[in-house]
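So the structure is just underneath, and the comments pick up after that.
Residue numbers (the UniProt record's numbering): 1 to 147.
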């Protein structure tokens, strides 16, 4: 089973590369297609991601990469990567995915109508200034494949 890491707005970082090695990941998918961005602040990284890449393009890129990897695949995503995995979870390539772990994908709240087609663990923060975490948890808890 191949592990694929799906990065946050910072893209490929030394920390993500170390995690990839530690987990024996088959690939890292990031919004910048491997280009090292070296953002200094989260605000700068998020602004660039939203204005230059966007969730739809990141989803398209992830789908393209998933189609190249031999299943079964385990996805591990962080922040916008987690949200992108969530969006992929009801897409036609979902049959290639065995399991997913979505860490701190706060934008999942904007796609809560999606019901994943593969086992999905969503790890949310304890609190978030921009939305009610408990409300999102209540919405997600009824999803069949959510663990």
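Idealized CB from N, CA, C, for every residue including glycine.
Determine the DSSP secondary structure at residue i, reduced to helix, strand or coil.
| i | result |
| --- | --- |
| residue 105 | coil |
| residue 95 | helix |
| residue 85 | helix |
| residue 66 | helix |
Who pairs with residue i in a beta bridge, going by DSSP?
| i | result |
| --- | --- |
| residue 74 | 3, 99 |
| residue 123 | 103 |
| residue 136 | Per DSSP, none; premise fails for residue 136. |
Using beta carbons (cut-off 8 Å, strictly below), is residue i in contact with chain C?
| i | result |
| --- | --- |
| residue 48 | Among the chains of the structure shown, chain C does not appear; only one protein chain is present. |
Are residue i and residue j close, meaning C-beta to C-beta below 8 Å?
| i | j | result |
| --- | --- | --- |
| residue 84 | residue 55 | yes |
| residue 62 | residue 12 | no |
| residue 103 | residue 77 | yes |
| residue 27 | residue 53 | no |
| residue 124 | residue 137 | yes |
| residue 105 | residue 93 | no |
Contact defined as beta carbons within less than 8 Å: I believe residue i pairs with residue j. What is the distance between those atoms, to the nearest angstrom?
| i | j | result |
| --- | --- | --- |
| residue 73 | residue 2 | 5 Å |
| residue 5 | residue 16 | 6 Å |
| residue 79 | residue 118 | Contact doesn't hold; Cβ gap of about 20 Å is too wide. |
| residue 111 | residue 87 | 6 Å |
| residue 45 | residue 10 | 5 Å |
task: For the stretch 9-61, list the alpha helix (DSSP H) runs that are entirely contained and at least 4 residues long, ordered along the chain.
output: 14-23, 42-48
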